[in-house]
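Working notes for the structure below.
Protein chains: 2
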Amino acid sequence: MVTIKDIAKAAGVSYSTVSKALRDSPLVKPPTKKRIVTIANDLGYQPNAAARSLVSKKSNTIGVVWPTVERTAHAALITNINEQLESLDYTTLLSINKIDAAINTFNRFQVDAILMFNEKGYIENHYPSNVPILSYGIAKDPLYPTVDVNRREAMKLAVKSLAEIGHKNIAFIGDITGKDQLQEEKVVGFKEGMKEYLQDVQKDSLIPAPGLEMYDGYLAMIKRLNEPNRPTAIISGSYDLTKGVIRALNERNLSIPNDISIISYDNIPQMNTFDRPISIVGVPNEIITKTITNALLDIIDKKEIPNEIILTPEIKMNESCISI
Amino acid sequence: MVTIKDIAKAAGVSYSTVSKALRDSPLVKPPTKKRIVTIANDLGYQPNAAARSLVSKKSNTIGVVWPTVERTAHAALITNINEQLESLDYTTLLSINKIDAAINTFNRFQVDAILMFNEKGYIENHYPSNVPILSYGIAKDPLYPTVDVNRREAMKLAVKSLAEIGHKNIAFIGDITGKDQLQEEKVVGFKEGMKEYLQDVQKDSLIPAPGLEMYDGYLAMIKRLNEPNRPTAIISGSYDLTKGVIRALNERNLSIPNDISIISYDNIPQMNTFDRPISIVGVPNEIITKTITNALLDIIDKKEIPNEIILTPEIKMNESCISI
DNA sequence: TAAAACAAAAACAACGTTGTTATTTTGAAA
DNA sequence: TTTCAAAATAACAACGTTGTTTTTGTTTTA
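Quick note, the sequences are listed as chains A and B, same order.
Adding 15 to a residue's 1-based position in the first sequence gives its number in our numbering.
Adding 15 to a residue's 1-based position in the second sequence gives its number in our numbering.
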C-alpha cells in the first residue's frame, strides 16, 4: 500500500509537501507540484480514507440503510441519488443489515449522514446515532427528519381529475391490506377523494392486488372484469400494476381510453415505455431525489431542516383519460 | 463523538487501559474492566472504525460491487452472504457505482476484500486494486479468482435425468438471446445435453422468454402451448420463469406431471413455496454462499485459492417428473 | 550590505485506536 | 518491616493524513 511518505521519498521532498501538492495547495511551487502528482500517479497512489477521515472528521460518505433486497420500488431512487451525490464528490454505501446494525456500522465508519429507507413506511424505534439521519417514508410525527411524497394527496388528485371529466365509477387497484403503510396511504387518499368529489365509495371500487408485481395487477384486473359494473376509470397504485392492468385490458379487447380511462401512480421515467401514453400522478422522480440529496447536504452542514418535508404530487393527464 | 479518552476521564484510568478493557484483554483487572464497560455503554461509545483500521490495517469489512440490474437472481445470495459474514464479525457494504469507482472507494476504505457481482457474467477489464478481489460469475480464464456455478452442467444433468425416464420431446424455456453470458451457458448446456442424450435438438425445443420475470415465463409458455408438438417435459431457466410456466399450465388445465414434467433451475429455498413440489437442478444456495464466504476469508488470509472455483450442480427429482 | 519581507519547504501536532514498553501498586516471602 | 516478583496500570509510539508553525532560502528595500 503506497502512502504519501513513499511518494515523498521518491520525490525527495517532505511528506507534508506531498500532502499539499496532492490537494493542489498554493503553498507548493507549480513545478514541484507537477512532479509530485506524476509520481503519485505512477505509483498508483490511493489516499487512505481512514487516515483522512480521522484527521478531517469527514468521510465524504453517505450511508444508506437498505433493509430489504426487494428494492424494486426504491431502486430508481437510489440509483439517482447515488449519481447526484457522486457528482458532489460523495460516496454512497449501502448496508442490507438490520437497521440497528446498519446504523452502528455507519457510526463506526463516521459517514457524514445516513439515509434510511424503511419498508413499512415509518420507523418505530429511535436508534442512537451520532451521525445525522434522514428518513424517506411517511412524515407523520417522525422520529427523524423525513422526506415524504404525499401519496394520499396524489390519489385524491387522481380522483378529482377523473371526476372533473365526468367519471363516477372509478376503481383503485393496489394493495389494500393495510400492512404496508405506504400503500395504505394511497387507499386512504382514494377513499377521501371519492367522498369529497363523488360523495361515496362503492365497495367494488377497490380492486385488491395480491402483491405489487405486474402479474398481480394482471390477475386482479382480470378478476374484476369478470364481475359486473365495470368501472369507467382505473387508478393504479404502481407502475408494475399498471403494466398488468394494460395487459389484462388488451386481452379482453378493451380500449384505453374508450372503454376505460387509466391513471397510474409512480412518476418515473419508465412510464414512457408503454406503447401508449398513460396519465401519471405522483412526484417526479428527479424532484424526490433532488430533495433527498439537498436535505442530506443540509443536515451534513448542520443546517436546520424541517422535520417533515412533504412533496406535492403532480398529475399529467393525457389521452389515456377521456371525458364521459 | 465519545472516544476512549472520554471514557478514561470518566473512569479515572488511562486511555490505554480503556482500550484493553473494551477489547476484553486479560491485562486489566476484572472489576476495573466491568466498570469501564459500563461507563462506555452509558456514554454510548462507538469505536471509531477509521482509527481502528488505521492502526490495525484491517477494517473487518467486505465491499460488494453490486450490479445495477438483474438483481433478482443475486438477491438471495447477498442476503445469505451478509448474514454469514456478520456472524464472523465482518461488515458488508454495497456500492452501486460503476465498477472502477466502486473499487476505488473500497480501496480508499481499505476493505479487507472485494466481492464482485457482474451483470454480464464476466469481467472484461482489469481494475487496479490493492485489496484482493473475488468475482462471482463465469470462470473462463477469469481475471480474478472466480466462483462459478456450472449452469451448463446443470442443464445437461436435467436433460439426462429426463432422457433416462423416457422423455424425448424436451423443451428449455429461458433467455436464448445470448446477451447474458450467464443465461447463454444454460442454453449451451441444454443443447449439449440434447445432443449427447437424445441425438438432436429440434428447433421448437427452445422456448424464448422475452425477459426473466414470472410474466415472461407465463407468456412464453402460453405461446408455446398454442403451437403444435407439445413437449412432454420442460426445463425452466429460473425460479421466476417456473412460476409463470406453472401458471400457464394451470390455466390450460394441463397436469404436472401427467401432461408435462418439469424441472426448474435455481436451487433456492423459495422453490418450496409452490403448491406442489417441483424438481430442481442447480447448486444449493447455501453451498454457493458458503463457498463465496470461505473464499473471501481465504483471500483475506492471503491463502492461495484456485483461480476458478466451479461448483457442481445437484438435481432433486420428485413427483413433478414422470416416466413415459 | 544588512535588515526586512516573502516564498517555499520542512517539521510538528493532532485525529482515535492498538500493541509494546515502562512504571507503579500489590502481596508474599524473607 | 524490607525485598522482590507478579499484577495492574500508565505512558509511549505508531498508523496515514491534514492544518499550523517553524525553518530555510531568496528577494527586495533602505
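Here a beta-carbon is modelled for each residue, glycine too, at the ideal position from N, C-alpha and C.
Any chain A beta carbon closer than 8 Å to residue i
{"i": "ILE111 of chain B", "result": "yes"}
{"i": "GLU101 of chain B", "result": "yes"}
{"i": "ASN63 of chain B", "result": "yes"}
{"i": "MET229 of chain B", "result": "yes"}
{"i": "ILE129 of chain B", "result": "no"}
{"i": "ALA55 of chain B", "result": "no"}
{"i": "GLU85 of chain B", "result": "The predicted model places GLU85 of chain B with a pLDDT of 48, which falls under 50 and marks its position as unreliable; any figure quoted below should be read in that light. No, because no Cβ of chain A sits closer than 8 Å to the Cβ of GLU85 of chain B."}
{"i": "ASP145 of chain B", "result": "As written in the sequence, residue 145 of chain B is Asn, which differs from the Asp given in the question. With 8 Å as the cut-off, ASN145 of chain B counts as an interface residue toward chain A."}
{"i": "THR94 of chain B", "result": "yes"}
{"i": "ALA25 of chain B", "result": "no"}
{"i": "ASN133 of chain B", "result": "no"}
{"i": "ASN241 of chain B", "result": "no"}
Cβ-based neighbour list, residue i, same chain, cut-off 6 Å, excluding 5 preceding and 5 following
{"i": "ARG86 of chain A", "result": "With a pLDDT of only 47 at ARG86 of chain A, under 50, the local geometry of the prediction cannot be trusted, and no value is derived from it."}
{"i": "ALA186 of chain B", "result": "SER220, ILE222, PRO246 and ILE249"}
{"i": "VAL216 of chain B", "result": "LYS206 and MET209"}
{"i": "ASP21 of chain B", "result": "none"}
{"i": "ASN322 of chain A", "result": "PRO160"}
{"i": "ALA263 of chain A", "result": "TYR233, MET236 and ILE237"}
Min CB distance residue i to chain B below 8 Å
{"i": "GLN214 of chain A", "result": "no"}
{"i": "GLY252 of chain A", "result": "no"}
{"i": "LEU69 of chain A", "result": "yes"}
{"i": "ARG267 of chain A", "result": "no"}
{"i": "GLY59 of chain A", "result": "yes"}
{"i": "LEU108 of chain A", "result": "yes"}
{"i": "ILE314 of chain A", "result": "no"}
{"i": "ASN122 of chain A", "result": "yes"}
{"i": "ILE283 of chain A", "result": "no"}
{"i": "ALA224 of chain A", "result": "no"}
{"i": "SER31 of chain A", "result": "no"}
Exposure label - residue i; buried when at least 16 CB within 10 Å
{"i": "ASN287 of chain A", "result": "exposed"}
{"i": "SER338 of chain B", "result": "exposed"}
{"i": "THR192 of chain B", "result": "exposed"}
{"i": "GLN214 of chain A", "result": "exposed"}
{"i": "LEU172 of chain A", "result": "buried"}
{"i": "ARG291 of chain B", "result": "exposed"}
{"i": "VAL70 of chain B", "result": "exposed"}
{"i": "ASP255 of chain A", "result": "buried"}
Whether residue i touches residue j by CB criterion (8 Å)
{"i": "GLY232 of chain A", "j": "LYS194 of chain A", "result": "no"}
{"i": "MET131 of chain A", "j": "SER110 of chain A", "result": "no"}
{"i": "ILE314 of chain A", "j": "ILE320 of chain A", "result": "yes"}
{"i": "ASN282 of chain A", "j": "VAL298 of chain A", "result": "yes"}
{"i": "ARG167 of chain B", "j": "GLU200 of chain B", "result": "yes"}
{"i": "ILE295 of chain A", "j": "LYS331 of chain A", "result": "yes"}
{"i": "THR18 of chain B", "j": "ASN75 of chain B", "result": "no"}
{"i": "ALA128 of chain A", "j": "VAL80 of chain A", "result": "no"}
{"i": "LEU42 of chain B", "j": "VAL52 of chain B", "result": "no"}
{"i": "SER335 of chain A", "j": "ILE302 of chain A", "result": "no"}
{"i": "TYR230 of chain A", "j": "TYR280 of chain B", "result": "no"}
{"i": "THR106 of chain A", "j": "THR120 of chain B", "result": "yes"}
{"i": "PRO284 of chain A", "j": "ALA169 of chain A", "result": "no"}
{"i": "GLY152 of chain A", "j": "LEU108 of chain A", "result": "no"}
{"i": "GLU101 of chain B", "j": "ASN133 of chain A", "result": "no"}
{"i": "ASN165 of chain B", "j": "LEU326 of chain B", "result": "yes"}
{"i": "ALA91 of chain B", "j": "LEU58 of chain B", "result": "no"}
Residues near residue i in its chain [Cβ-Cβ closer than 7 Å; skip 5 each side]
{"i": "ASP190 of chain A", "result": "GLN198, ALA224, LEU227 and GLY252"}
{"i": "ASP115 of chain B", "result": "TYR142"}
{"i": "TYR212 of chain A", "result": "VAL174, LYS175 and ALA178"}
{"i": "TYR60 of chain B", "result": "VAL17 and ILE22"}
{"i": "PHE289 of chain B", "result": "ILE261"}
Residues bridged to residue i (per DSSP)
{"i": "GLY297 of chain A", "result": "A:GLU329"}
{"i": "ASP163 of chain A", "result": "A:ILE325"}
{"i": "GLY78 of chain A", "result": "A:LEU108 and A:ILE129"}
{"i": "ALA186 of chain A", "result": "A:ILE249"}
{"i": "PRO223 of chain B", "result": "B:GLY189"}
{"i": "SER279 of chain A", "result": "A:SER251 and A:ILE295"}
{"i": "SER150 of chain B", "result": "B:MET131 and B:THR161"}
Cutoff 8 Å; reference residue i; Cβ partners in own chain excluding five residues on either side
{"i": "ILE324 of chain B", "result": "ALA154, PRO160, THR161, VAL162, ASP163, THR306 and ALA310"}
{"i": "ASN184 of chain A", "result": "GLN217, SER220, ASN244, ARG245, PRO246, THR247 and ALA248"}
{"i": "LEU103 of chain A", "result": "THR308 and LEU312"}
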